[in-house]
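Numbering (my numbering), first residue to last: 206 to 827. Ideal placement from N, C-alpha and C gives every residue a C-beta, glycine not left out.
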């Protein structure tokens, strides 16, 4: 279920790495090979890789490199968890070695085959990733040939067709540049966080703006960027301060095929990146790009000589979705979230770790799915695990969005905590064959003005279900339980709990609705009761000295078939108070420890009882 109480606790959005240019500038993405081949054709180039192979019922695993080179997807690898994150326009895929479940934006997807490590090469399911990126995959049984094809998105208007002015820029984000006359604007995000220009000679120029993360210093960012060029020849790596006092960095690099120039400006509230790419042999393109990057200025400049790409008017801009035939206004500072998918579109404030978010969802209407029933279902879901004394709730009631549209609304407001204005408002309405859901969250102020702006400006027309098709919700399974186990132990979990990592050394379990977590660890040394007492005392004293509030002192209780030492405490973050409980016990000379973390508002409620039941189900295999 996409509606989670975690949204009430934290609306932090991770903005994708700005400045990323996806794809290689070719007309389309194309992968061709035969099963058993070690040399693949990737966008017309022959590339030798670890040989793809077929597992299970016909799932082809290919090296991760094939995906990144073909689609240009940005990849991040977390060694400790063996986790892979792929970022592609409008798509974020999270995979984990050995895990048969992938996360696509906010959804869990079951894989026909899990990623594996083979000869130190990460092998991933080709069809799943390719189709998630919007490509078509075909298999010729006669020749055993596999083909992956994705046509390029339709090009935008040429700049000369847009304006004859000498400069182009964005007044809202405050930048301008010489008009790239011989290039097309092929992509621009809602709100203008990124803008991409491309030339017929495969050159490209992207300008990206993203909120400043105060946790990442300029010097650290410079170091990270320098490291990112480790596989290239670094021509330039400079940093300094502009005449206006803004810190900047400037890189030039090339590899065997591509030349890249990169600027980054650190401002008081944001970071602006300019990244240019050209083929190494395209000297005229490099000269043109160098001229453009050098012309970049912070600030919009002369309005009579600069064409404004921004659509901001009167402090707001309009989101329009042609496919779903709807539109509404948002404040000027709001942008599209990077975890948006086609029928679940997320918006957030333009700032790092935003405390406000809006989720627009569209689902097919049927006999069991209408605006009222979905509102009642989500209200029940989002209140089941709450400590009722910590929240005020307004149950589902009829609601008039504007003169043309009516529907249903419920509201949850946290009464206590770090941010007492924490509010979730859920609105449902119907147009034609579809149900629409607007979910508005604010963690530090009332959201009534935002709701009024969205609903007052909302327009929605019936859409053709034969064109749009069936749009389903990814509701979580909430009934029954399953067993999670390693070689030496097992534990029983309700279906709403997701096993993220499981091994003989421990496990991580996360509640799909609230974000509550249970971390289990196993110490394989010859542990004694004295070791347990020392470990818990050290942990207890560390928690106390760090300024966290102790809720219960160390005590002993029976949890299932284990005698556990336990204590509870709170831990405060910028946006919430987390409620934590430690459990630890010894069996067969091994120390088993459990750390339970509950979001603010769930402590003392049904979820706390559920975590105790889970831990009590823990058992050692004989």
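Starting from residue i and walking both ways along the alpha helix (DSSP H), at which residues does that stretch end?
i: residue 817; result: 811 to 821
i: residue 660; result: 653 to 662
i: residue 836; result: Here the chain comprises residues numbered 206 to 827, so residue 836 is not present and cannot be evaluated.
i: residue 673; result: 670 to 673
i: residue 865; result: Outside the shown range of the chain, which is 206 to 827, sits residue 865, and nothing can be said about it.
i: residue 336; result: 331 to 337
i: residue 271; result: 269 to 276
i: residue 739; result: 734 to 750
i: residue 431; result: 423 to 433
i: residue 577; result: 576 to 589
i: residue 371; result: Where residue 371 is concerned, there is no enclosing alpha helix (DSSP H), given that its DSSP letter is neither H nor E.
What first and last residue would you give for the beta strand (DSSP E) that runs through residue i?
i: residue 643; result: 639 to 647
i: residue 383; result: 380 to 383
i: residue 345; result: 341 to 345
i: residue 411; result: 409 to 416
i: residue 244; result: 244 to 247
i: residue 725; result: 722 to 728
i: residue 800; result: 795 to 803
i: residue 761; result: 755 to 764
i: residue 771; result: 767 to 777
i: residue 605; result: 596 to 605
i: residue 532; result: 531 to 536
i: residue 442; result: 438 to 446
Would residue i and residue j be called neighbours here (beta carbons separated by less than 8 Å)?
i: residue 580; j: residue 631; result: yes
i: residue 534; j: residue 659; result: yes
i: residue 776; j: residue 753; result: yes
i: residue 726; j: residue 798; result: yes
i: residue 663; j: residue 617; result: no
i: residue 443; j: residue 455; result: yes
i: residue 396; j: residue 312; result: no
i: residue 484; j: residue 458; result: no
i: residue 252; j: residue 279; result: no
i: residue 541; j: residue 400; result: no
i: residue 570; j: residue 596; result: no
i: residue 376; j: residue 478; result: no
i: residue 740; j: residue 789; result: yes
i: residue 647; j: residue 628; result: yes
i: residue 611; j: residue 604; result: yes
i: residue 321; j: residue 236; result: no
i: residue 709; j: residue 734; result: no
i: residue 802; j: residue 783; result: yes
Assuming residue i contacts residue j (C-beta within less than 8 Å), just tell me the rounded distance between them.
i: residue 391; j: residue 403; result: 5 Å
i: residue 373; j: residue 467; result: That belief does not hold up - the Cβ atoms of residue 373 and residue 467 are roughly 20 Å apart, past 8 Å.
i: residue 586; j: residue 718; result: 6 Å
i: residue 721; j: residue 812; result: 6 Å
i: residue 453; j: residue 426; result: Not quite, the Cβ-Cβ distance comes to about 11 Å (not below 8 Å), so this is no contact.
i: residue 388; j: residue 410; result: 7 Å
i: residue 724; j: residue 800; result: 4 Å
i: residue 288; j: residue 299; result: 7 Å
i: residue 656; j: residue 500; result: With 8 Å as the limit, residue 656 and residue 500 do not qualify as a contact, their Cβ atoms being about 42 Å apart.
i: residue 480; j: residue 465; result: 7 Å
i: residue 686; j: residue 695; result: 12 Å between Cβ atoms; not a contact.
Leaving out five residues before and five after residue i in sequence, what residues of the same chain have Cβ atoms less than 7 Å from its Cβ?
i: residue 304; result: 319
i: residue 286; result: 301 and 706
i: residue 732; result: 791, 794, 795 and 796
i: residue 260; result: 266 and 318
i: residue 209; result: The pLDDT assigned to residue 209 is 30, lower than 50, so where the model puts this residue is not dependable; a value taken from the coordinates is nonetheless given after this. The residues are 718, 719 and 720.
i: residue 809; result: 592
i: residue 668; result: 529, 530, 637 and 639
i: residue 370; result: 384, 510, 511 and 512
i: residue 520; result: 536 and 537
i: residue 693; result: 709, 825 and 826
So, at 6 Å on beta carbons, what are the nonlocal neighbours of residue i in its own chain, with the 5 sequence-adjacent residues on each side left out?
i: residue 460; result: 437
i: residue 642; result: 566 and 633
i: residue 676; result: 548, 567, 568 and 569
i: residue 564; result: 551 and 644
i: residue 532; result: 523, 525 and 664
i: residue 502; result: 381
Might you give, ordered along the chain, the residues of its own chain that have their beta carbon closer than 8 Å to the beta carbon of residue i, omitting 5 neighbours on each side?
i: residue 827; result: none
i: residue 431; result: 439, 442 and 456
i: residue 238; result: 244, 245, 246, 257, 350 and 351
i: residue 765; result: 820, 821, 822, 823 and 824
Cβ contact (3+ pairs, closer than 8 Å) linking the region 251 to 268 and the region 326 to 336: yes
The region 591 to 603 / the region 768 to 775 touching (three or more Cβ pairs under 8 Å): no
At least three beta-carbon pairs within less than 8 Å, the region 336 to 344 to the region 488 to 495: no
Segment contact flag, the region 632 to 639 with the region 551 to 561, C-beta cutoff 8 Å, min 3 pairs: no
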